[in-house]
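Trainee: Heads up: the sequence shown is residues -19 to -1, 1 to 450, going by mature numbering (1 follows the signal peptide of the UniProt record, and there is no 0).
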Amino acid sequence: MKRFGLLILLLMASVSVMAQRNVLEARLRSSIYLNVYANKTNCYIGEPIIVTYKLYSSLESVSEVVKDPAFSGFDFRDLISSGDGVVSRETVNGETFDVHTIRKVQLTPMEAGKLVLDPMVIANRIRLVDGSGNRSSILDGIDDNIPLQNGEFRMTIASVPITINVGQAPANAPSAVYNGAVGDFKMNVKLSKINFTPGERGTLRITISGTGDFSQVTQPSVEWPKEIVVYPPNVEEQYDRNSRTAPGVKTFTIPFTMGKTGTYTILPIRFAYFDARQNRYNTISNPAITFYSREPGSTRRDQGPVNNNAERNDNFGALLLGLGGVTLLLLVLFLIRRSKRKRAVVPSTRQQPAVSVSGIPDPTPLAPMGIDALLQPAENAVSKTGGSFYSLLKQGMVQYLEQRYQISAALFNKTGLKEQMTLQNVPQALQDEVFHTLTEIEMNIYAAGGMDGDRMRMLEKTRTVLKKL
């Protein structure tokens, strides 16, 4: 009978402890919790999404991930992991939290349907009693027999599962050259020149610009003439790896040589991508490119038989033209010297320029030009076709940065500019805005165009950024 009574007492104590534990955990879950965010929950096969896991804590604690999501049905790429130590502070409902970005991942769905992101689970050791024995106010009303280990309470928390609705690919089928790129892109193809000598190295540059997932942008296939020797490409990329909305550029520079003379043609190069906003695949291409390989000094050799009489006449005409040019030059020099003699006879009342010790006039420094003056050529070219507007806009912006931070034009580059801006305590956010604007201008230069409305927006954006400096 005594054993039965003891068992009842133990059972009641256990129930009491469990109740106390549940009360404590309920209090703690408002002070330490795990949130998951997805930038979208509806997408198509091959369209990447960004998922972020953040731990919010207003308590002193040590946390460890004990279960990562499996991401079944997705191809994934980590952007931020717990080892990166990304921490910020946020205020939620009047309470300040340390916010740890546990994981940020890019997920690309590989199949259609409802795909579930299972929870992430984190184990926490939360300090409720300090080294002096002082108890946290969270323990108010909680019995002393609540289980603590070295003043720490241990509990696990988990994120909620998220369902991603993945749709089938759009009605129009992707082309054979589609490699998984998702976004909105333009392509520019340029040859280093069109006239070569046998064995001379040239380059073919393919530039993909726009917005989207540049990690999926691969070099488009090129159909080279069989006589061409192609070398490994050089890849340059400039884009924000953590953003799918910021503009970017990716350039593939392919060296090549040709062994004999002749006329060569590179057929149109095609690049395909999926436009998630319009739910369709798009394929862009360039015109065919023709270039030539000739022996030195034989620019007319492969243009058919040459008329010798016509060539002699051309040479005679060129000789007469040259003699006429020399005569005109001598006449101009004679008139200039005569004019100088007349000026030397008339006494000048104008102030003479300052002369240095060496006897050479000191150059008068040019006054710095204002932002509006530097951007005026670009403003005048807003309605002109082609890429002259963006080239002039970049030129005006670079000139202002050169004179603002006293960087020589010959030495100007983004690395040097960043160093000077940092030395002059320009805030990082403003530095990022400057380089983001430069990148957007360069992207439009590569794309060679744009609507008038876009150009005016870009002009005003550039003006605003420069005035902040």
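In this text, a Cβ means the ideal position worked out from N, Cα and C, and glycines have one as well.
In this structure, does DSSP put residue 454 in helix, strand or coil?
Mentor: Residue 454 cannot be examined here, being either before or after the span of the chain that is shown, -19 to 450.
Trainee: Going by the beta-carbon positions, is the gap between Thr242 and Glu276 smaller than 8 Å?
Mentor: In contact: Thr242 and Glu276 (Cβ atoms closer than 8 Å).
Trainee: Could you check what DSSP says for Ile352 in three-state terms: helix, strand or coil?
Mentor: Helix at Ile352.
Trainee: Might you give, ordered along the chain, the residues of its own chain that have their beta carbon closer than 7 Å to the beta carbon of Val102, omitting 5 neighbours on each side?
Mentor: Within the same chain, Val102 has close Cβ partners Val47, Lys48, Thr137 and Ala139.
Trainee: With H, G and I counted as helix, E and B as strand and the rest as coil, what does DSSP make of Lys399?
Mentor: DSSP places Lys399 in helix when its eight states are reduced to three.
Trainee: Could you please give me the residues that DSSP links to Leu419 through a beta bridge?
Mentor: Answer is none; Leu419 lacks a bridge partner.
Trainee: Apply the 10 Å Cβ neighbour rule to Ala154 and answer buried if 16 or more other Cβ atoms are within range, or exposed otherwise.
Mentor: With fewer than 16 other Cβ atoms within 10 Å, it is exposed.
Trainee: With a floor of 3 residues, list each beta strand (DSSP E) that falls wholly inside the stretch 30 to 109, ordered by position along the chain.
Mentor: If we require 3 residues or more, the beta strand (DSSP E) runs fully inside the stretch 30 to 109 come out as 30 to 38, 42 to 48, 55 to 61, 68 to 73, 76 to 90, 94 to 98 and 102 to 108.
Trainee: Under 6 Å Cβ to Cβ from Glu41, same chain only, skipping five residues before and after it: list those, please.
Mentor: Hits under 6 Å: Arg108.
Trainee: Keeping to the same chain, check which residues put their C-beta closer than 6 Å to that of Met168; ignore five residues upstream and five downstream.
Mentor: Here the set comprises Ile189, Phe252 and Ile265.
Trainee: Please go through the same chain and pick out, in chain order, the residues whose beta-carbon is closer than 8 Å to the beta-carbon of Thr178, but skip the five residues on each side of it.
Mentor: So the qualifying residues of the chain are Ser274, Arg275, Glu276 and Pro277.
Trainee: Quick one: what's Asn176 bridged to in DSSP?
Mentor: Answer is Tyr273.
Trainee: Is the CB-CB distance between Ile209 and Met239 below 8 Å?
Mentor: The answer is yes: Cβ separation under 8 Å.
Trainee: What's the C-alpha gap between Thr418 and Lys442?
Mentor: In a straight line, the C-alpha of Thr418 is about 8 Å away from that of Lys442.
Trainee: If you measure between the beta carbons of Pro90 and Ile145, is that distance less than 8 Å?
Mentor: Yes, Cβ-Cβ distance for Pro90 and Ile145 is below 8 Å.
Trainee: Can you give me the C-alpha to C-alpha distance between Ile31 and Tyr212, rounded to a whole angstrom?
Mentor: C-alpha separation (whole angstroms): 36 Å.
Trainee: Quick one: Cα of Glu383 to Cα of Pro358, how far?
Mentor: Going by the C-alpha atoms only, they are around 17 Å apart.
Trainee: According to DSSP, Gln130 sits in a beta bridge with which residue or residues?
Mentor: Its beta-bridge partners are Glu133.
Trainee: Buried or exposed for Glu45, please, with buried defined as at least 16 other CB atoms from any protein chain shown within 10 angstroms of its CB.
Mentor: Burial call: exposed.
Trainee: Does DSSP classify residue 490 as helix, strand or coil?
Mentor: With the chain represented from -19 up to 450, any question about residue 490 goes unanswered, as that position is not in the structure.
Trainee: Kindly confirm or deny that the stretch 80 to 96 and the stretch 17 to 30 touch, where touching means at least three C-beta pairs closer than 8 Å.
Mentor: Short answer: they touch.
Trainee: Quick check on Phe393: does DSSP put it in helix, strand or coil?
Mentor: Three-state result, Phe393: coil.
Trainee: How long is the line joining the alpha carbons of Val80 and Val141, rounded to whole angstroms?
Mentor: Their backbone Cα atoms lie some 17 Å apart in a straight line.
Trainee: Whole angstroms are fine: how far does the CA of Pro128 sit from the CA of Ala(-1)?
Mentor: Cα to Cα, Ala(-1) sits roughly 12 Å from Pro128.
Trainee: Which residue comes first and which comes last in the alpha helix (DSSP H) that contains Lys375?
Mentor: Note, Lys375: alpha helix (DSSP H), Ser369 to Arg385.
Trainee: If you draw a straight line from the alpha carbon of Val170 to that of Arg385, how long is it in whole angstroms?
Mentor: One C-alpha to the other measures close to 35 Å.
Trainee: Using only CA atoms, which one of Glu133, Gly122, Asn105 and Val230 lies nearest to Gly114?
Mentor: Answer by Cα proximity: Glu133.
Trainee: I'd like the list of long-range same chain contacts for Gln284, defined as Cβ closer than 6 Å, with 5 residues on each side in sequence excluded.
Mentor: Only weak support exists for where Gln284 lies, its pLDDT of 43 falling under 50; the value from the coordinates is given anyway. Nothing listed; no residue qualifies.
Trainee: Which class does Asn160 belong to by DSSP, given the choice of helix, strand or coil?
Mentor: In this structure, Asn160 counts as coil in the three-state DSSP scheme.
Trainee: Exposed or buried, Lys35, counting other C-beta atoms within 10 Å across all chains shown (16 or more means buried)?
Mentor: Lys35 should be labelled buried.
Trainee: Between Arg116 and Gln409, what straight-line distance do the alpha-carbon atoms span, to the nearest angstrom?
Mentor: Near 42 Å, if we compare the C-alpha coordinates of Gln409 and Arg116.
Trainee: Contact defined as beta carbons within less than 8 Å: I believe residue 451 pairs with Ile235. What is the distance between those atoms, to the nearest angstrom?
Mentor: Missing from the structure shown is residue 451; the chain here goes from -19 to 450 and no further.
Trainee: Exposed or buried, what is Arg84 when buried is set at 16 or more other beta-carbons lying within 10 Å of its beta-carbon?
Mentor: The residue in question, Arg84, is buried, as its Cβ has 16 or more Cβ neighbours within 10 Å.
Trainee: What is the DSSP secondary structure of Asp256, counted as helix, strand or coil?
Mentor: Note: Asp256 maps to strand in three-state DSSP.
Trainee: Take Leu185 as the anchor and find which of Gly193, Trp205 and Gly54 has the nearest alpha-carbon.
Mentor: Residue Trp205 is the option with its Cα nearest to Leu185.
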